[in-house]
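Residue numbers (our numbering), protein chains in the order written: chain A, 64 to 368; chain B, 64 to 368; chain C, 6 to 260; chain D, 6 to 260.
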Amino acid sequence: MVNLGFSIGDLDFKNPVLTASGTFGYGPEFDDFLDVSRLGGIFVKGTTLEPREGNLYPRMAETPSGMLNAVGLQNKGIDYFEKNIYPRISGYDTNVIVNINGSYIGDYVALAERINALDKIPAIELNISCPNVKMGGMAFGTNPGSAREVTKAVRAVYGKKLIVKLSPNVTNIVDFARIVEEEGADSISLINTLLGMSVDVRKMKPALSTITGGLSGPAIKPVALRMVWQVAKEVKIPVIGMGGIMTTSDALEFILAGATAVQVGTASFIDPQASIKILEGIEKYLIEKGFSDIKDIVGYINRNS
Amino acid sequence: MVNLGFSIGDLDFKNPVLTASGTFGYGPEFDDFLDVSRLGGIFVKGTTLEPREGNLYPRMAETPSGMLNAVGLQNKGIDYFEKNIYPRISGYDTNVIVNINGSYIGDYVALAERINALDKIPAIELNISCPNVKMGGMAFGTNPGSAREVTKAVRAVYGKKLIVKLSPNVTNIVDFARIVEEEGADSISLINTLLGMSVDVRKMKPALSTITGGLSGPAIKPVALRMVWQVAKEVKIPVIGMGGIMTTSDALEFILAGATAVQVGTASFIDPQASIKILEGIEKYLIEKGFSDIKDIVGYINRNS
Amino acid sequence: MAKRIEDLKILENKRITDDFFILELFSAENLTDIKPGQFVQVRVDGSSDTFLRRPISIHDVDFEKNTFKLLIQITGNGTEKLSKLRNGESLNIIYPLGNSFGLPGENEKVLLVGGGCGIAPLLFLGKHLKSIGYAPDILLGFRNSERIIEYEEYLKIGNVFLTTEDGSKGEKGFVTNHSVLSTAKYDKIYCCGPDSMMKAIAGYCRKNNMNCEVSLENLMACGIGACLCCIVDTVKGNLCTCTEGPVFNTTELKW
Amino acid sequence: MAKRIEDLKILENKRITDDFFILELFSAENLTDIKPGQFVQVRVDGSSDTFLRRPISIHDVDFEKNTFKLLIQITGNGTEKLSKLRNGESLNIIYPLGNSFGLPGENEKVLLVGGGCGIAPLLFLGKHLKSIGYAPDILLGFRNSERIIEYEEYLKIGNVFLTTEDGSKGEKGFVTNHSVLSTAKYDKIYCCGPDSMMKAIAGYCRKNNMNCEVSLENLMACGIGACLCCIVDTVKGNLCTCTEGPVFNTTELKW
Ligand SMILES: Cc1cc2nc3c(=O)[nH]c(=O)nc-3n(C[C@H](O)[C@H](O)[C@H](O)COP(=O)(O)OP(=O)(O)OC[C@H]3O[C@@H](n4cnc5c(N)ncnc54)[C@H](O)[C@@H]3O)c2cc1C
Ligand SMILES: Cc1cc2nc3c(=O)[nH]c(=O)nc-3n(C[C@H](O)[C@H](O)[C@H](O)COP(=O)(O)OP(=O)(O)OC[C@H]3O[C@@H](n4cnc5c(N)ncnc54)[C@H](O)[C@@H]3O)c2cc1C
Ligand SMILES: Cc1cc2nc3c(=O)[nH]c(=O)nc-3n(C[C@H](O)[C@H](O)[C@H](O)COP(=O)(O)O)c2cc1C
Ligand SMILES: Cc1cc2nc3c(=O)[nH]c(=O)nc-3n(C[C@H](O)[C@H](O)[C@H](O)COP(=O)(O)O)c2cc1C
Ligand code: FES
Ligand code: FES
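In structure tokens form, the structure reads like this:
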């Protein structure tokens, strides 16, 4: 049999297929469609210290091979998460990872401390790349100084695995990857959505209430893949790739380019079983190609070139 | 009847539908399919001082709703252009604009001087955004200092209309727009291609000989639109928008977001008549909506928000 | 109650007007858990313009034949493609989704109000209400006589009142102007149609102290509560139309 | 000689093996300007995986019926979709594109060599050569006997020699191993097939001082000389396969 497992430091994942934050709810939304515990891990909805209502409707627009969203981190806050959601999802036999967000560095730090105390959450994903909030989010992920500061501050209080999620809306993604690695991140995930926009030509106005929003889906795959390749070559910590992964082949592109694992995002909206199908497909590919370990193909394209 | 014309300074264009450099050859490639002179203008193939062979094959990969290219400015150089191409295309009754490229500022300056002397070329498009060459190109378009220097140097020697084409592969597109406006650009065109990548999973290697290439087509439209909107709000000179325009509706999105004119690029590969169809569609839209001048809808979405 | 994803066979694709058609779908699963007001998410295959699924109400269910129907209006690329499907082809569908209409109180007098393609969920609701002993009246509004659809189907359920905007059939004007609203007295109104119509009916109900449920058609990405795109602003804050709706009592909405 | 873009009617979509099919297309235009070796750019509609057109050789032309045929192998999404088109549907095509095969010298002895779907452009070429007085031999290579296609069609043109890689029909091995190459003496060889086959034939011709033309299948975006994606490295520098090819004399190539 083939080995699909990987690890971030001493945290083991049974396989490299994870779900992307904001696209998989907290997990139970998908219980009817698949056995969530078969996945390598799930990254739950973006969480903040205080409850947030998010942006006004309309928050969504379809684009060619993709979609824009402007949800803006709607969530019920960490208190509610601890009390009502954590008990429901801590039974999953997989790594449940919380995506944390804030407007100020203090928010991130306070959140990280709270989540550090939750036994069944072995890691956080520090989201410095949300394009849909006025303060924080992408502002941290597009400024090298802020990216450094917030990573350092969270690292200082958070003892478990720290995954930092980068914004693609920058000139040089490798700069940011190096910075967060230097500040002690255990892993890097990328990409968050590209900042985009859509106009309703019939109504002559922006399609989203916020005018701009985050572009996800297959449309962004080539950009995501390029960034993952650039980053994976330059850092030593595991890179988790995402952006437009719909099929096994898409996931393999990322792994061959250097991603240790992948997150399936928007695809789950179109096919709630996409993640499981991709997991099965990766195993089949390895067998067909005669590899016994997923590690044998991580970054494969760099070896021959 | 509706007025479709616009102008850059004292240079008049009969309508706002232009063709994007590198996607329309020199014009004659499309003579069998449409009357090129009906277009507002054509932007011919990227031209350099010396002949260039471009990058190795394969130079192209299809992606979801888009394509990657790594042509790398293959062209026969300005001598050949002057002698063999200029005479063939100077009969077009429309604005023929040359897209100029170089590895050093001196290349751009020398080229601009040569083209300044060509009577029938009323403008150049200064391409500081080609992602497919090792030197020059995007390197100028992603560094504020270089973008300023090259624009200033070309402006100093070039008396006709100077259009600067920006790279989307930057954190803050508005910075670059402001810089080139300050240095005397008469117009700004955007976006060039996004830097992307594709992996051939069957062959386990990059799809392009250059590994990364430029992403174009509908996939990039939301990003292009966002940047055009951001820039158009901040500069006084006309903005020419492009990126994934396939249909009338796509073109109108850009115009409503603030573009004075649009360039049709990759669409011409799929439908060589796309540009003319878009031109006809825009006229029809204006009539249906009761506008008498294209100017009435440029940046329309900003007026109500 | 479990949601499922299934390739359903198209028994019939029937064009009923220029821009309306009905898909009759056959399922291998037991359909008894489908309730009036629920919807499905349809995958429109292989097109770059129809990346997301399309939400469509369940128009009618035949528990014996194990089939259900969708009443669809062609409004863009996705519905256009669906209209071209042929009998025997299959369609990938996630269902059943959303909450459902609440039942009226005992002996309450019920009116169903629908406009345009908003009449879709009301047929199944009407049949269900009739089967459990209610005698609902139905008020339908259309642009003009040529755009009237499914009239005969609703006649089987109860009295049907009509309005057309141009007066070419039934009373002239909008549903809110129809005389039945001032002559008959209803306890509960179920409404689905354009936002403007639902808001007008909600206003009417509030003024007249009637209980009113509406079915919303917010833009959706996932349809299963995962994306938070389909929210509606309610007295309890933002709620997802796809899981906590599409049916809302108008007292919950900030209309 | 003018290129055109046209919606052509599919008279017949004929499946000939598991993965090969032939589309017969009817045009309203006069086809007499189509020459052997030219190709078309087919639009595969409305799919996000088939954004670009697909280049396909012109397999056969019937100037009387105003129809031409495409012989297509299913290799991915685009060709798969094309294989599902039904008789009577239409297909948007840009044609005719590219240069064409050169004529042999007077009284020259000609061999056509094809492998797999590379045999496509050779039928039209063979028929044309025969019609102007040549008697071409044909050498075809396939993986095994089950993958042999269009054999009868080529028999109408001249002698057909076969190889299969497993020896299940004809001589065993690759076309370059076939005994006819050592027994007969040809002046001109036309070849289309996998790159490896064309390179082997090109090498054989160089060694034996024969004139050789090959038809290349480079990846294309536009097909009309606008994008410069389809280049091949020649003694004259990078040339576009779509306008200066697809047919090249092997003396021009750096093979
Ligand atoms: C819960 C629910 C139930 C629905 N039930 C039905 C039904 O039974 N029958 C039916 O015909 N339609 C129904 N709709 C609306 C239907 O989903 C849209 O008409 C459809 O998605 C449009 O797809 P399209 O590709 O044809 O149009 P597009 O090209 O996507 O859009 C065309 C136009 O339709 C509008 N539109 C797109 N999506 C929606 C939407 N979700 N709601 C309203 N307008 C939209 C767009 O803004 C645009 O103006 C329902 C929607 C929801 C949310
Ligand atoms: C001038 C020319 C003439 C051709 N004539 C024929 C013909 O007569 N009959 C025929 O069946 N095919 C022909 N081809 C090849 C045909 O264009 C491809 O098989 C087709 O584009 C694949 O499309 P797809 O969507 O099915 O596969 P994709 O999903 O796009 O790709 C599937 C596989 O096919 C390969 N492929 C894609 N495009 C090409 C290409 N242009 N050439 C070679 N391999 C490719 C890909 O690398 C991939 O491995 C010709 C190509 C050219 C350039
Ligand atoms: C509706 C929606 C909500 C999202 N919410 C979050 C979020 O809360 N936190 C986060 O880090 N990323 C969020 N993302 C980004 C995704 O996790 C992912 O980075 C992005 O969508 C690219 O992957 P994809 O193309 O596979 O969807 C969201 C994306 C979508 C579409
Ligand atoms: C094959 C190809 C070649 C290109 N060559 C050039 C070029 O020489 N100079 C340039 O400024 N832009 C070049 N571009 C970029 C286009 O002009 C345009 O900016 C980009 O493709 C986005 O528009 P689109 O999505 O409509 O194609 C090229 C694009 C393609 C696809
Ligand atoms: S559509 Fe995704 S939460 Fe409702
Ligand atoms: S395919 Fe575009 S130049 Fe040949």
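Beta carbons: idealized from backbone N, C-alpha and C, even for Gly.
Glutamate 94(C) has its alpha-carbon roughly 24 Å from the corresponding atom of asparagine 97(D). For the options Leu13(C), Glu176(C), Gln46(C), Glu11(C), the alpha carbon positioned closest to that of glycine 230(C) is the one of Gln46(C). The criterion of a C-beta distance shorter than 8 Å is not satisfied by proline 207(B) and threonine 126(A). Secondary structure at asparagine 162(A): strand, using DSSP grouped into helix, strand and coil. For glutamate 158(D), the uninterrupted alpha helix (DSSP H) segment begins and ends at 156-160. For leucine 112(B), the three-state secondary structure derived from DSSP is coil. Interface annotation, isoleucine 229(D): in contact with chain B, CB-CB separation under 8 Å.
Counting only runs of 3 or more residues that sit fully inside the region 284-344 of chain B, the beta strand (DSSP E) segments are 302-304, 324-327, in chain order.
Relative to ligand 1, the beta carbon of serine 355(B) is positioned no closer than 7 Å to any heavy atom.
In the DSSP assignment, threonine 214(A) falls within the alpha helix (DSSP H) that extends over 207-220.
When beta bridges are read from the DSSP output, glutamine 46(D) appears opposite Pro60(D), Ile99(D). Separation of alanine 124(B) and proline 231(A) (C-alpha to C-alpha, rounded to the nearest whole angstrom) is 22 Å. Taking a contact to require three or more Cβ pairs closer than 8 Å, the region 247-264 of chain A and the region 276-293 of chain A qualify as touching.
Relative to ligand 5, the nearest heavy atom lies less than 7 Å away from the CB of glycine 228(C). At a cut-off of 8 Å between beta carbons, proline 301(A) makes no contact with chain B. About 5 Å separates the beta carbon of asparagine 138(A) from that of threonine 110(A), a gap short enough to meet the 8 Å contact definition. Using a Cβ-Cβ cut-off of 8 Å, methionine 260(A) does not count as an interface residue toward chain C, since no Cβ of chain C sits closer than that to its own. Between the beta-carbon of phenylalanine 253(D) and that of leucine 224(D) there is about 16 Å, and that puts the pair past the 8 Å contact cut. For tyrosine 155(B), the closest C-alpha among the options Lys183(B), Ser250(B), Gly277(B) is that of Lys183(B). DSSP lists Asp263(B) as the beta-bridge partner residues of lysine 268(B). Put simply, the region 323-334 of chain A does not touch the region 228-243 of chain B. Fewer than three CB pairs are less than 8 Å apart. Within 10 angstroms of the beta-carbon of tyrosine 167(B) lie fewer than 16 other beta-carbons, which makes it exposed. Exclusion of the five residues before and after tryptophan 292(B) leaves Ala320, Gly321 as the residues of its chain whose Cβ lies within less than 6 Å of its Cβ.
Of all residues in the region 87-102 of chain A, only Phe87, Gly88, Glu92, Asp95, Phe96 place a beta-carbon less than 7 Å from a beta-carbon of chain C. By the neighbour-count definition (other C-beta atoms within 10 Å, threshold 16), glutamate 218(D) is a buried residue. Residue-level contact check: methionine 130(A) touches chain C, since one or more beta carbons of chain C fall below 8 Å from its beta carbon. In this structure, ligand 4 has no non-hydrogen atom nearer than 7 Å to the beta-carbon of serine 261(A). CA-CA distance, isoleucine 300(A) to serine 84(B), rounds to 41 Å. Between the beta-carbon of leucine 74(B) and that of serine 338(B) there is about 19 Å, and that puts the pair past the 8 Å contact cut. Membership of lysine 135(C) in the alpha helix (DSSP H) is indicated by the continuous run 125-136. A Cβ-Cβ separation of about 7 Å places leucine 271(A) in contact with arginine 122(A) under the 8 Å criterion. In this structure isoleucine 194(C) touches valine 118(C) by the C-beta definition: roughly 6 Å separates them, less than 8 Å.
Remark: the shortest separation between the CB of glutamine 326(A) and any heavy atom of ligand 1 does not fall under 7 Å. DSSP places tyrosine 139(D) in the coil class of the three-state scheme, outside both helix and strand. The beta carbons of leucine 233(D) and tyrosine 209(D) sit no closer together than 8 Å.
Listed by position along chain B, the residues whose Cβ is nearer than 9 Å to that of arginine 122(A) form an empty set, because the closest Cβ is around 15 Å away.
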